[in-house]
Amino acid sequence: MRSIDMKYSVLMPVYRKENPFYFYRAALSMMKQSVSPDEFVLVCDGPLTEELDAVIRKLEETWSEQVKIVRLPENRGIGPALAAGVESCRNNLIARMDSDDIACPERCEKQLVQFRGNPALALASGAIAEFEMDSLEKAANMQWTIDTPKEPVEIPEDCCITGTRTLPCGYEEILIFARKRNPMNHMAVMMRRDAVLAVGNYRAVKGAEDYELWVRMLQAGYRAENLPDVLVYARTGNGMMQRRGGLAYARENIRLQTHFYKSGFLTFPEYISNCAVRVAASILPVGIRGYLYQKKLRERMHA
């Protein structure tokens with residue numbers, strides 16, 4: 078552990094359909110950071126399975142002073158779950174993490190240095206590398222034991238990286254980029270709790286809880302930056318492309334863009350252009366949509 082005297086909380090939601098093996102690896106990747114978290118807030122979004130609860134019991138046994146469990150009586154969705162988590166965190170710096178991804182061992186250390194160097198910073202993330210199940214998981218996913226590795230959780234060398242999503246790093250670039258696409262990688266975000274609460278916390282915005290929050294923070298004048306480094310390995314192959322298509326998904330996108338336009342964040346031409354692009358992408362066949370998505374990632378990676 079490095080000597081960076083900055084406390085932070087990890088915020089992770091989990092619900093009953095999560096894979097317990099993925100969940101355990103995700104949690105370990107945050108607890109085994111080069112700078113350990115002062116607090117791990119785990120929001121259980123409704124009742125969980127026995128397998129998931131067994132993982133939680135192990136986490137509580139191993140890190141009794143850091144782990145804090147927030148149990149919601151019913152599944153309310155990721156927006157309300159994260160809002161409850163933010164309110165429950167005791168530290169002003171919060172590192173978001175998904176329950177099926179793997180954080181790089183020095184992810185939080187890099188972000189703490191970033192926040193220490195810029196006191197005005199309220200929101201930051203970094204690049205993510207999307208990956209498919211590796212050989213370790215293929216062998217262990219069906220049969221595994223809940224242990225506590227001494228070493229950080231690493232991505233094996235034979236892991237299949239399917240794409241990398243990099244983002245603009247500077248504040249002015251982020252402001253421009255945010256008018257077209259989400260300017261943060263949610264699973265790699267570190268944010269200031271007081272700033273999030275000042276703009277109203279997470280809201281129940283289906284499929285865009287994070288994007289909608291970032292826009293409110295940017296509109297309020299809060300500073301945002303991104304690191305060029307890969308901070309998190311994000312899991313793919315879980316039906317992501319299917320969820321990003323269809324008429325219902327298109328309607329949600331139009332509703333979000335309409336909200337951005339009415340709030341003054343978008344001009345009318347930007348609003349029309351964004352809606353047209355998103356509707357067109359939503360009605361494309363899954364295979365074509367996936368190809369274009371990966372092509373866009375590669376273009377951004379080499380930009």
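Be aware that the sequence shown starts at 78, since it is given in my numbering, and climbs by one per residue.
C-beta atoms are modelled at their ideal positions from N, C-alpha and C, and glycine is treated no differently.
In this structure, the alpha-carbon of Leu119 lies about 26 Å from that of Tyr299.
Distance from the Cα of Ser86 is smallest, within the candidate group Ser141, Ser113, Phe100, for Ser113. Counting only residues of its own chain and dropping the five nearest sequence neighbours on each side, His263 has a CB closer than 7 Å to the CB of Arg173, Asp287. Bounds of the beta strand (DSSP E) holding Leu198 are 198-209.
In this structure, DSSP gives Phe342 a state outside helix and strand, which the three-state scheme calls coil.
Going by C-alpha positions, Ala327 is about 5 Å away from Val356. Distance from Pro90 to Ser176 at the Cβ level is roughly 7 Å; contact confirmed, criterion being Cβ atoms closer than 8 Å. The distance from the Cβ of Met268 to that of Ile133 is about 24 Å, inconsistent with a contact at the 8 Å cut-off. Rounded to the nearest whole angstrom, the CA to CA distance from Arg102 to Ala180 is 9 Å. Between the alpha carbons of Tyr279 and Pro157 lies a gap of roughly 7 Å.
Distances from the CA of Ala301 to each of Gln191, Ser141, Ala358 were compared; the closest alpha carbon is that of Gln191. Rounded to the nearest whole angstrom, the CA to CA distance from Leu333 to Ser141 is 40 Å. In the DSSP assignment, Ser165 falls within the unbroken alpha helix (DSSP H) covering 155-165. The beta-bridge partner set that DSSP reports for Glu302 consists of Ala201.
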